[in-house]
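Trainee:
There are 2 protein chains.
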Amino acid sequence: MLGAIEAGGTKFVCAVGDDDFKIIDKISFPTTYPEETLQRIFNFFDIYANLNAIGIGSFGPIDTNKKSEKYGYITSTPKTNWRNFNFLGEMKRHYSIPIGWTTDVNAACLGEYEVGSASYNNSCLYLTVGTGIGGGAILNGTIVEGFGHTEMGHIIIRNHPDDDFEGVCPYHKNCLEGLAAGPSIEKRYGVKAENLDSNHKIWGILAYYLAQALVNYTLILRPEKIILGGGVMNQASMLDLVKEEFSLLLANYIETPDLDSYIVRPSLGNNVGIAGGLILAHQIL
Amino acid sequence: MLGAIEAGGTKFVCAVGDDDFKIIDKISFPTTYPEETLQRIFNFFDIYANLNAIGIGSFGPIDTNKKSEKYGYITSTPKTNWRNFNFLGEMKRHYSIPIGWTTDVNAACLGEYEVGSASYNNSCLYLTVGTGIGGGAILNGTIVEGFGHTEMGHIIIRNHPDDDFEGVCPYHKNCLEGLAAGPSIEKRYGVKAENLDSNHKIWGILAYYLAQALVNYTLILRPEKIILGGGVMNQASMLDLVKEEFSLLLANYIETPDLDSYIVRPSLGNNVGIAGGLILAHQIL
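For the record, the sequence lines run as chains A and B.
Counting from 1, one number per residue, gives the positions in the first sequence under this note's numbering.
Counting from 1001, one number per residue, gives the positions in the second sequence under this note's numbering.
1) Reducing DSSP to helix, strand and coil, say where residue 1047 (chain B) ends up.
2) Measuring alpha carbon to alpha carbon, tell me which of B:1054, B:1080, B:1137 and B:1049 ends up nearest residue 1098 (chain B).
3) Are the CB atoms of residue 1220 (chain B) and residue 152 (chain A) nearer to each other than 8 Å?
4) Using beta carbons (cut-off 8 Å, strictly below), is residue 1123 (chain B) in contact with chain A?
5) Under 8 Å: do the region 1064-1078 of chain B and the region 1109-1124 of chain B share three or more Cβ pairs, one atom per stretch?
6) According to DSSP, simplified to helix, strand and coil, what is residue 1218 (chain B)?
7) Which residues of the region 71-105 of chain A have a Cβ closer than 7 Å to any Cβ of chain B? Give them in chain order.
8) Is it true that the CB of residue 1157 (chain B) sits closer than 8 Å to the CB of residue 1212 (chain B)?
9) In its own chain, which residues sit with a C-beta less than 7 Å from the C-beta of residue 1037 (chain B), not counting the 5 before and 5 after it?
10) Leaving out five residues before and five after residue 201 (chain A) in sequence, what residues of the same chain have Cβ atoms less than 8 Å from its Cβ?
11) Quick check: what's the CA-CA separation for residue 1255 (chain B) versus residue 1039 (chain B)?
12) Closer than 7 Å, Cβ to any Cβ of chain A: which residues of the region 1217-1229 of chain B, in chain order?
13) Whole angstroms are fine: how far does the CA of residue 203 (chain A) sit from the CA of residue 27 (chain A)?
14) According to the Cβ coordinates, are residue 1242 (chain B) and residue 1285 (chain B) closer than 8 Å?
15) Just reading off the beta strand (DSSP E) that residue 134 (chain A) is part of, what are its end residues?
16) Closest Cβ-Cβ distance between residue 212 (chain A) and chain B: below 8 Å?
17) Which residues mark the beginning and the end of the beta strand (DSSP E) in which residue 228 (chain A) is found?
18) Report the residue ranges of all beta strand (DSSP E) runs contained in full by the region 110-178 of chain A; include only those spanning at least 3 residues, in chain order.
19) Are the CB atoms of residue 253 (chain A) and residue 1172 (chain B) nearer to each other than 8 Å?
20) Applying a beta-carbon distance threshold of less than 8 Å, which residues of chain A neighbour residue 1370 (chain B)?
21) In angstroms with no decimal places, state the Cα-to-Cα distance between residue 1225 (chain B) and residue 196 (chain A).
22) Please report the distance separating the alpha-carbon of residue 231 (chain A) from that of residue 210 (chain A).
23) Looking only at its chain, what residues have a beta carbon closer than 7 Å to the beta carbon of residue 76 (chain A), apart from the 5 residues adjacent to it on each side?
24) Given that a residue counts as buried once 16 or more other Cβ atoms are within 10 Å of its Cβ, and exposed if not, what is residue 184 (chain A)?
25) Grab the span of the beta strand (DSSP E) containing residue 1098 (chain B) for me, first residue to last.
26) When the distance is taken between beta carbons, is residue 257 (chain A) closer than 8 Å to residue 123 (chain A)?
27) Buried or exposed: residue 94 (chain A), going by 16 or more other Cβ atoms within 10 Å of its Cβ?
28) Find the nearest neighbour of residue 1142 (chain B) within the set B:1003, B:1191 and B:1102, judged by alpha-carbon distance.
29) Return the CA-CA distance between residue 1245 (chain B) and residue 1208 (chain B), expressed in angstroms with no decimal places.
30) Is there at least one Cβ from chain A nearer than 8 Å to residue 1241 (chain B)'s Cβ?
31) Whole angstroms are fine: how far does the CA of residue 186 (chain A) sit from the CA of residue 168 (chain A)?
32) For residue 1269 (chain B), I'd like the list of residues in its chain whose CB is within less than 7 Å of its CB, leaving aside the five on either flank, ordered along the chain.
33) Which residues in the same chain as residue 1131 (chain B) place their Cβ atom closer than 7 Å to its Cβ, once the five residues preceding and following it in sequence are excluded?
34) With DSSP as the reference, label residue 1239 (chain B) as helix, strand or coil.
35) Looking only at its own chain, which residues have a Cβ that is under 7 Å from the Cβ of residue 1262 (chain B), when we skip the five neighbours before and after it?
36) Please confirm whether residue 1140 (chain B) and residue 1159 (chain B) have their CB atoms less than 8 Å apart.
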């Protein structure tokens, strides 16, 4: 039996599943402070004596560098209770089974790669565009990471010619997340993205920013598929707008799969994180 | 015994080496047309009956997608003789040993990773900045590629506030290569880069462009080391300028290795391509 934890900043989801990644039992509870949350995790998994491995996809930033002294820690999160918390270490003190450790978005990417929209591909990239922008990538079955996990949401992009917004990223102002995530829309117009009309000019501007990011990811990683999730992508025309801008910006420089099969929606919905956690658990067995 | 081919647009280098990647014999000849060049390759390697594998690092673009009908071809190169040439296929018709196939810059990256500046790292990125800009990356011993090989030189960046140059890339005008490679300098000032004074403002501008690229590569790949080679990097102050701009742009958002050990020069010099070819040959044995 496999275990999975989707450790979000707002809520935790724990689940156990079988070797086909079918969920057998699942629980969800709010993210409070580490000691309480850990106890709830233990209460859930302790019942299952035949658990073979657990895969964790965690909110971050986290330390994923196995050479680091803080490997397994949640590091510089704005959630102060959780800052510098040795999450993986506490889990390993309680369970003597293999425990996989990656970011929430890497776990989601792994889910879409194995059993979702990219399940027939050798590589994929998953980007979520909501209150923040996060990405993960898989090449040949392996999560892309080196000195640490990726931070695809903070890449440098060009301002749209009709957008002189200075950006809201506290580190970089007008990086991708600073210009194209939900809070940048609220800062520009004083309302949430979903309250703006579908023909508001902001959607074309966001599509231009996201397409720039996708062009850069494409040139740097050459994934076989890009999966776009998150609240901002719920705007009905966004996916098509992004594809249009992507095509203009790439200018046929390199071959990609047909855009309708290259840039796609996720297919696992809310279960993507747990699916990824179960797959991660399976990978480390 | 291992074989290596560094297939450049101007000249080819062929070599044989031992399992420690020590070069035993080497030849170099100009790149003319495919039939003649192939014959020279055959003449060189045919002497060595105990050859176990050959690694090829080729100028491109090339098709590296094993699922593609044109896997092993040089594709849309401006060198018309070589366009759509089945280089790997012709090599395989002549030799029944494993033959590795990647880009020249990926081979160089592999060389620096295994026996050069990144030989104590698990991952690295190699960027060459000259008449063009090309990059390759290795994560956990494996060349980063998916649907095809990377094209890191053509990523989208922001113009420097003091540089309104429109760029020279025939596809994207002001992509990285269009703004920061040698030809962009000649187009701006009518002279080659090496003829510009060391305190000319262009060096700071180029450093800003290269640092943007390095920030994006860092966020998307998290390599443990970045190696900067090529003619433009010969300008004495460039490496330090790039590190300064990198630090400003990244704004401490994520941890990297200390910049003096993170952004470094190559160490293999002219032998980097052949070293990479021998290593590639060894990997596929």
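For each residue, glycine too, the CB sits at the ideal point set by N, CA and C.
Mentor: Judging by the given coordinates:
1) coil
2) B:1054
3) yes
4) yes
5) no
6) helix
7) none
8) yes
9) 1012 and 1031
10) 162
11) 50 Å
12) 1217, 1219, 1220, 1221, 1222, 1223 and 1224
13) 36 Å
14) no
15) 133-139
16) yes
17) 226-229
18) 123-129 and 133-139
19) yes
20) In the structure as shown, chain B starts at 1001 and stops at 1285, and residue 1370 (chain B) therefore has no counterpart that could be examined.
21) 44 Å
22) 14 Å
23) 61 and 83
24) buried
25) Per DSSP, residue 1098 (chain B) belongs to no beta strand (DSSP E) and is neither H nor E.
26) no
27) exposed
28) B:1102
29) 6 Å
30) no
31) 10 Å
32) none
33) 1181, 1182 and 1183
34) helix
35) 1225, 1226 and 1256
36) no
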